[in-house]
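Written below as structure tokens is the structure these notes are about.
Residue numbers (the working numbering): 409 to 682.
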């Protein structure tokens, strides 16, 4: 071998490099998943029902057993007539983004019901013994188990990682994309406190985090900006409260999703509306 020849040695990835690769917008090592179809029906007694998350106004339940892949959004207290409107707005936004070729995905709405309840399902949250109005929609697929493992390694102290991995709430991972610096985020979803409080189901990635792990910020910010422009000027909605999350697709690829349109309202394209 000539002394002038350079020997290239592959260096092991750092944690940030490995995490950036796991969250990048490219095909992953996961096998493609067959599309799941949700058929509206009463859930049989004893069928597993899992709480995916909750907010001040809603509880989100997941039903992905027996070939189903969907979520049910229920009002936390009593009836919430705005759920029907939210489903309508979500369908409009999804159609407009598809029309303009946006890479941002929006969960498809499967049905709205005035009277839905889980009957005697195991695992149903307390209080769901009476019929509720409900919005059923496509579930945003979780990021890969590799991304989840690397994120635990990055965010959680070593002596508590196993407890976080064993927590059922951390089986699924959606990363909320926040185009602001981490100094402005003060959330239990980002700042680790303990294994009981911390959850990966909706962890926050700030612009600092995404830069640090090498994600394509130009693409992410460009796609988000274009989606908001379509929402504003084509769907004629104010876009208030919408969230962007990094999830995956039925083919196992990472993708940006938009959801939570429950606070959106129509605007008029004049000085008062804009």
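Glycine is no exception: its CB is placed at the ideal position from the N, C-alpha and C atoms.
None of these values were measured; they are calculated from a predicted model.
query: Sub-9 Å separation of residue 585 and residue 613 beta-carbons; result: yes
query: Contact the stretch 504-523 vs the stretch 636-644: 3+ CB pairs below 8 Å; result: yes
query: Outcome for residue 541 when other beta-carbon atoms lying within 10 angstroms are tallied against a minimum of 16; result: buried
query: Counterpart residues of residue 507 in DSSP-defined beta bridges; result: Bridge partners of residue 507: none, in fact.
query: Cutoff 6 Å; reference residue 670; Cβ partners in own chain excluding five residues on either side; result: 494
query: Assigned exposure category for residue 522 - 16 Cβ within 10 Å defines buried; result: exposed
query: Whole-angstrom distance between residue 555 and residue 651, CA atom to CA atom; result: 20 Å
query: Cβ-heavy atom distance, residue 627 to the ligand GDP, below 8 Å; result: As presented, the structure is devoid of all ligands, the ligand GDP included, so that no description of it is given.
query: Through-space distance from residue 460 to residue 559, alpha-carbon basis; result: 19 Å
query: Spatially closest choice to residue 611 from 620, 588, 581, by CA coordinates; result: 581
query: Length of the line joining the Cα atoms of residue 489 and residue 550; result: 29 Å
query: Boundaries of the alpha helix (DSSP H) in which residue 632 is found, first to last residue; result: 625-641
query: Length of the line joining the Cα atoms of residue 663 and residue 632; result: 12 Å
query: Interface flag, residue 567 vs chain B, CB-CB below 9 Å; result: This model lacks chain B altogether; it includes just one protein chain.
query: Span separating the alpha-carbon of residue 725 from that of residue 656; result: The structure shown does not extend to residue 725, since the chain is modelled only from 409 to 682, so the question has no answer here.
query: Assigned secondary structure, residue 465 (DSSP; H/G/I helix, E/B strand, else coil); result: coil
query: Counted within 10 angstroms of its Cβ, other Cβ atoms place residue 680 as buried (16 or more) or exposed; result: exposed
query: Through-space distance from residue 678 to residue 552, alpha-carbon basis; result: 44 Å
query: Sequence-distant residues of its chain with Cβ nearer than 8 Å to residue 441 (five each side left out); result: Low confidence applies here, because residue 441 scores a pLDDT of 48, under 50, leaving its location unreliable and the question unanswered by this model.
query: Paired residues, beta bridge with residue 561 - DSSP; result: DSSP, once it has assigned bridges, lists no residue as partnering residue 561.
query: Straight-line Cα distance separating residue 429 from residue 422; result: 11 Å
query: Start and end residues, alpha helix (DSSP H) containing residue 424; result: 423-431
query: Pick from 492, 469, 465, 566 that is closest to residue 483, judged by C-alpha positions; result: 465
query: Local Cβ density within 10 Å of residue 570, reported as buried at 16 or more and exposed below that; result: exposed
query: Close Cβ partners of residue 425 (< 7 Å) along its chain, the five nearest in sequence each way excluded; result: 622
query: Within 9 Å, strictly: CB atoms of residue 512 and residue 666; result: yes
query: Short Cβ contact (9 Å threshold) for residue 547 with residue 642; result: no
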